[in-house]
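Colleague:
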Amino acid sequence: MDIQRKSRVIINANQKGGVGKTTSTTSEAIIASLPNPEFNNKVCLIDWDIQANATSLLGKTFDKNFPTTIYQAIVNEDLNSAIVELTPNLHMIAGGRDMSTYGDFLEMQYPYHKKDPISIAETKFKRTFHFSKLLESIKNDYDYIWIDVGPSTDIKVDNAMVAADYFIITQETKTYSFEGSIDIIQVYLQTLIDDFGEHFKGEVLGLLPFLLQPKRDLHEEIIRNTKETFGENFTFASIVSNQKRLEDYPEYGISVVDYHDRKIFALFADIFCEIEERISFFETIGDVPETYRYNQKYLDGNKLTTLSRNLDLGTYEFKGDE
-11 MDIQRKSRVI INANQKGGVG KTTSTTSEAI IASLPNPEFN NKVCLIDWDI
39 QANATSLLGK TFDKNFPTTI YQAIVNEDLN SAIVELTPNL HMIAGGRDMS
89 TYGDFLEMQY PYHKKDPISI AETKFKRTFH FSKLLESIKN DYDYIWIDVG
139 PSTDIKVDNA MVAADYFIIT QETKTYSFEG SIDIIQVYLQ TLIDDFGEHF
189 KGEVLGLLPF LLQPKRDLHE EIIRNTKETF GENFTFASIV SNQKRLEDYP
239 EYGISVVDYH DRKIFALFAD IFCEIEERIS FFETIGDVPE TYRYNQKYLD
289 GNKLTTLSRN LDLGTYEFKG DE
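The sequence shown begins at -11 in my numbering and counts up by one.
If you want it as structure tokens, here you go:
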């Protein structure tokens, strides 16, 4: 399903850590940027998390150093100065621990006048949308921008969330993660809608399940509960399982050595294709139809399809000691 090309900002969201946000963000961005005809998007990945795990992973993958961080670029009002080209299609702005002071920076930029309620509301708006305004300076250079956010709900994360066009809720198949998914949609995102009305433009594309432990009956029950709570069309067709390669990539970087690596690329190729289909529905009819089910093209069960075997992964193919 083709969608009209314009810049879209995507965040994989959850208020808890360790549920697959960075894995999803980096993998989706990489797939979207592959030079294959079915992808071939200009992509920028912004690491908003003070832990900077995406920066570490892609720095190792591409043997890159990052001269500055997203925080420094914001302070200097120059996002372009922090952009590093990883491939011709994939660019990145690094994260860093200095992002922990972003709230203090906003308070200095926009001080409250405590006795003036109108001024307080205006100041809250300016603080929350500070990054969103800066992002406009680079937004039209890309088809997609992914922002990797940390597991919190403060003014720092608010700044990223109000800049997003779409959210994907990453949910580990555990009870607490299911409850967290309900909370982020029904409480956190609703609060941003209540506070900022039409200025908050983000839509939830759906929920992406992560199976990070050996499969048990509880996991199937949580998937069923998710579909009953949000609707079957809300849950992505793919489930990300805890393959050993996903554990190894943060240590050594991403490389395609064998069939198991290709399966991971195939998995996220399907996830990205489903993202594009869901975006198309939102931008043509306003929501995902209740009858929608994505038909996987790159994985057939646990097997590679002809499409996935033909993916050109040259940038990521392991070259040994050459």
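Note that CB positions come from ideal geometry on N, CA and C, so glycine has one too.
From a predicted model like this one, the values you see are computed outputs, not experimental measurements.
Say whether the stretch 223 to 232 touches the stretch 190 to 199, bearing in mind that this needs 3 or more beta-carbon pairs closer than 8 angstroms, one atom from each stretch.
Modeller: With a cut-off of 8 angstroms, the stretch 190 to 199 and the stretch 223 to 232 count as touching, because enough Cβ pairs lie within range.
Colleague: Taking only runs that begin and end inside the stretch 3 to 74, name each unbroken alpha helix (DSSP H) of 4 or more residues, in chain order.
Modeller: If we require 4 residues or more, the alpha helix (DSSP H) runs fully inside the stretch 3 to 74 come out as 9 to 21, 41 to 50 and 58 to 63.
Colleague: Would Thr251 be called buried (16 or more neighbouring beta carbons within 10 Å of its own) or exposed?
Modeller: As written in the sequence, residue 251 is Lys, which differs from the Thr given in the question. It counts as buried.
Colleague: If contacts are defined as beta-carbon pairs under 8 angstroms, then Lys285 and Thr279 qualify, I think. What distance do you get, rounded to the angstrom?
Modeller: In fact, because the Cβ distance is near 19 angstroms, the residues do not count as touching under 8 angstroms.
Colleague: In the structure shown, what three-state DSSP assignment does Phe218 receive?
Modeller: Residue state, collapsed to three classes: helix.
Colleague: Taking the beta strand (DSSP E) that Met80 falls in, what are its first and last residues?
Modeller: Per DSSP, Met80 belongs to the beta strand (DSSP E) from Leu78 to Ile81.
Colleague: Taking the beta carbon of Tyr90 as the centre, do at least 16 other beta carbons fall within 10 Å, making it buried, or is it exposed?
Modeller: With 16 or more other Cβ atoms within 10 Å, it is buried.
Colleague: Sort Thr14, Ile38 and Leu122 by Cα distance to Asn64 and report the nearest one.
Modeller: Selected option, being the one with the closest Cα: Leu122.
Colleague: On the three-pair Cβ rule with 8 angstroms, is the stretch 261 to 273 touching the stretch 232 to 249?
Modeller: In short, these stretches do not touch, since the Cβ pair count stays below three.
Colleague: How would you label Ala109, buried or exposed, when you count the other beta carbons within 10 angstroms and need 16 or more for buried?
Modeller: So Ala109 ends up on the exposed side.
Colleague: Identify the residues that DSSP records as bridge partners of Phe198: which are they?
Modeller: Partner(s): Glu160 and Val228.
Colleague: Considering Ala1, what are the terminal residues of the beta strand (DSSP E) in which it resides?
Modeller: Per DSSP, Ala1 belongs to the beta strand (DSSP E) from Arg(-4) to Ala1.
Colleague: For the stretch 174 to 181 against the stretch 121 to 137, are there 3 or more C-beta pairs whose distance is under 8 angstroms?
Modeller: Flag = no, the stretch 174 to 181 and the stretch 121 to 137 do not touch.
Colleague: Measuring straight from C-alpha to C-alpha, what distance separates Ser243 and Glu186?
Modeller: For Ser243 and Glu186, the distance between alpha carbons rounds to 42 angstroms.
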